[in-house]
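As numbered in the numbering used here, residues 58 to 147 make up the sequence shown, in order. We treat Cβ as the ideally placed atom computed from N, Cα and C, and that holds for glycine. Data first, discussion second: the structure below is written as structure tokens.
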Amino acid sequence: MSNDFRVACGVAQGNLGHGCVGTALEVLNIEPGVFCTSHEDLMDKKVLSDKNRKATRNSSITEINFGVRNPVKIVKKKLRRGKLMKLLLL
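Here is the structure:
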């Protein structure tokens, strides 16, 4: 039951914004308080700024290049995996 409630809250926050928590508390006749409402506002601003930042072209190029930043590490990982697979197949 508790897990279902937490998942529902997470989905609601993603779809409706963080203000849904305060609204749910008001429906239950619980006053959200100053800290709850200020946190909701702060998180909504953060989500909006993240969406705007991620929508830019530079952000997507950075994310694409992030995996290619250090090709030496990628090659070493592939070599280790190859050795491990040889040991597992024997």
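Could you give the residue range of the alpha helix (DSSP H) that holds residue 71? 59–73
Return the first residue and the last residue of the alpha helix (DSSP H) that residue 109 is part of. 91–111
In the structure shown, what three-state DSSP assignment does residue 88 receive? coil
Look at residue 74 and residue 101 and say whether their C-beta atoms are less than 7 Å apart. yes
Close-in-space but distant-in-sequence residues of the same chain around residue 104 (CB under 8 Å, 5 per side omitted): 74 and 75
Roughly how many angstroms lie between the CA atoms of residue 61 and residue 136, to the nearest whole one? 43 Å
For residue 112, which residues from the same chain have a beta carbon less than 6 Å from its beta carbon, with the 5 sequence-adjacent residues on both sides left out? none
If I measure Cβ to Cβ from residue 88 and keep anything under 8 Å in the same chain, skipping five residues before and after, which residues do I get? 82
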